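One structure below.
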Amino acid sequence: MSAADDHEPVLRRADLSDEGAMRLALRLAAQAESSGEVPVGAVVIGQGRVLARACNQVEMLHDATAHAEMIALTQASAALGDWRLNECTLVVTKEPCAMCAGAMVNARLGRLVFGCADARMGAAGSALSITDHPGMLHRVEVRGGVLAEECQAMLQAFFRRRRQEEKDTRAHGQTLE
C-alpha cells in the first residue's frame, strides 16, 4: 500500500493532528485485520502532509519484518528522498516493538505517537525504552495513549476471535495451517 493510493482517504491539513492521523491509522489497522493480519496501522506525517501509510503485512509477505511501522518508514524515506526523518511524526495504533523502535532511532525520526501501550513487547517506554535510551545517538520524542481505548479494543477483539477459532479448530480435531 503506497502513500499515493487513490482509494485511501487523504487527510486535510486540519486532520493532521495526532488524533486525526490516528483515525487514519485505525482505518489501516482494520484493513490489516480484514486480510488476516494483526490489526496495526501506521501513518507518517511530514512537510504538512501524509508521506506514508501502511498496515501489517507479515502474513501476506511471509516476512517477520513487515510491520506497519517498518513499511511506513521505508515509504516516508522514499517520499522525501532521504533516510533522515527528523521532521516527521510516525503515528501507529500500538506501541512499537524493539525492531520498529530501533528503526525509528536509526531513521532519526522526530516524533512517535502511538495508541495503546504493549506491556510485554513495547519498546517506547513500556517493556523497553529504545526510543529514549541514553546510549543511542538519537532520541525520539514519544507521545502514547492517543485513542488508546479504540486501538486496544481492536487488538483485543482480534486476538479473542483468533483464540476462539483455534479452540473451535481443536474441538473439531483439525489443525490450523
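Position in the sequence shown counted from 1, then plus 139, gives you the numbering used here. Just so it is clear, CB atoms sit at the ideal spot from N, CA and C, and this is done for glycine as well. The structure displayed is predicted, hence computed values, not measured ones.
Run of the alpha helix (DSSP H) containing Cys-290, from where it starts to where it stops: In the sequence shown, the residue the question calls residue 290 occupies position 151. Counting along the chain, the alpha helix (DSSP H) containing Cys-290 begins and ends at 287-310.
Buried or exposed by the 16-neighbour rule on C-beta atoms within 10 Å, applied to Gln-303: In the sequence shown, the residue the question calls residue 303 occupies position 164. Under this definition Gln-303 is an exposed residue.
Exposed unless 16 or more other CB atoms sit within 10 angstroms - verdict on His-201: Within the sequence shown, residue 201 is the residue found at index 62, counting from 1. Exposed, because fewer than 16 other Cβ atoms sit within 10 Å of the Cβ of His-201.
First and last residue of the uninterrupted beta strand (DSSP E) at Thr-204: Translated into the one-based positions of the sequence shown, residue 204 becomes position 65. Thr-204 -> no beta strand (DSSP E), and no H or E assigned at all.
Buried versus exposed, by CB contacts within 10 Å (16 or more), Gly-254: Position 115 of the sequence shown, counted from the first residue, corresponds to residue 254. Buried.
Buried versus exposed call for Met-199 [16 or more other C-beta atoms within 10 Å across all chains shown]: Position 60 of the sequence shown, counting from 1, holds the residue named residue 199. By the neighbour-count rule (16 or more Cβ atoms within 10 Å), Met-199 is not buried but exposed.
Cut-off 6 Å between Cβ atoms - residues of its own chain near Glu-280, not counting five sequence neighbours on either side: The residue you call residue 280 lines up with position 141 of the sequence shown. Around Glu-280: Arg-250.
Complete beta strand (DSSP E) runs within the segment 237-295 (minimum length 3 residues, chain order): 250-255, 280-282
Local Cβ density within 10 Å of Asp-307, reported as buried at 16 or more and exposed below that: For the purposes of this step, residue 307 is taken as the residue at position 168 of the sequence shown. Its Cβ having fewer than 16 others within 10 Å, Asp-307 is exposed.
Rounded straight-line distance, which links the Cα of Ser-265 to that of Glu-147: Mapped onto the sequence shown, residue 147 falls at position 8. Mapped onto the sequence shown, residue 265 falls at position 126. Note that Glu-147 scores 44 on pLDDT, short of 50, meaning its location in the model is unreliable; the coordinates nonetheless yield the value given after this. Rounded to whole angstroms, Glu-147 to Ser-265 spans 32 Å at the Cα level.
Cβ shell of Ala-215 (< 7 Å), same chain only, five flanking positions each side left out: Along the sequence shown, read from residue 1 onward, the residue named residue 215 stands at position 76. The residues are Val-183, Gly-185, Leu-190, Ala-191, Leu-224, Cys-227.
8 Å Cβ cutoff met for Thr-232 and Ala-164: On the sequence shown, residue 232 is found 93 positions in, with the first residue counted as 1. On the sequence shown, residue 164 is found 25 positions in, with the first residue counted as 1. For Thr-232 and Ala-164, yes; Cβs fall inside 8 Å.
Proximal residues to Ile-210 (C-beta, below 7 Å), its chain only, five neighbours per side dropped: One-based indexing of the sequence shown puts residue 210 at position 71. Answer for Ile-210: Ala-193, Gln-196, listed in chain order.
Pairwise C-alpha distance: Ala-310 and Ala-181: If you number the sequence shown from 1, residue 181 lands on position 42. If you number the sequence shown from 1, residue 310 lands on position 171. Going from the Cα of Ala-181 to the Cα of Ala-310 covers about 36 Å.
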